[in-house]
Amino acid sequence: MSKFYADSMLGKLSRFLRFLGYDTLYRIEEDIETMLKNAKNNNRIILSQARKVIQLSNKNEITSIMMPTSNIVDQLRVLKKEIDLNLEIPPKEMRCSMCNGELQERNKNEIANKIPKGTFEYYDTFWECKECGKIFWLGRHWEDIKRTITEVESR
Ligand SMILES: [Zn+2]
């Protein structure tokens, strides 16, 4: 499974890739040099909207993919074409949108104290991030995600 390092400005795409189970780092404060080094050492594909970053990646023999627009559907379409991105939903494995940690499915009764009451009653399947402890469920965002993926698949 491909691993990514997404350049700054690609926060939404990073969260999406993590949701789809892809190990994705997101450049916030790290400098470009650090990103290049990490991508090279850990075999990560660099995603960027900056031509300069793509050129530097080529120069350092790092695989990179140019993200042409800020539209999430267009970005996912490019990745589907370039690396055959797996858009299966719900994904078999998901990662934390906040920290990129692996998610683990949890019995909701064991984590009841961490879930808002209404949510606890309404949903049955919950995941917990192994790294930061954040709890996830297929809530309101889920419909948006499904709509986005349907749109990506429609062409
Ligand atoms: Zn986390």
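Note that the numbering used here has the sequence shown beginning at 28, numbered continuously upward.
Each residue gets a CB set at the ideal place from its N, CA and C atoms; glycine is no exception.
query, result
"LYS107 versus ASN113 - alpha carbon distance", "7 Å"
"Alpha-carbon to alpha-carbon, LYS144 and TYR49", "31 Å"
"Contact set for GLN131: own chain, Cβ-Cβ below 7 Å, skip 5 residues either direction", "TRP154, GLU155 and LYS157"
"Residue burial classification, ASN127 (beta-carbon count within 10 angstroms, cutoff 16)", "buried"
"Sheet register partners of TYR32 (DSSP bridge)", "LEU52 and ILE73"
"Per-residue burial, CYS123 [other beta carbons within 10 Å of its own, 16 or more giving buried]", "buried"
"Beta-carbon separation (whole angstroms), SER97 vs SER91, contact threshold 8 Å", "Not confirmed; about 18 Å, so no contact."
"Buried or exposed by the 16-neighbour rule on C-beta atoms within 10 Å, applied to MET125", "exposed"
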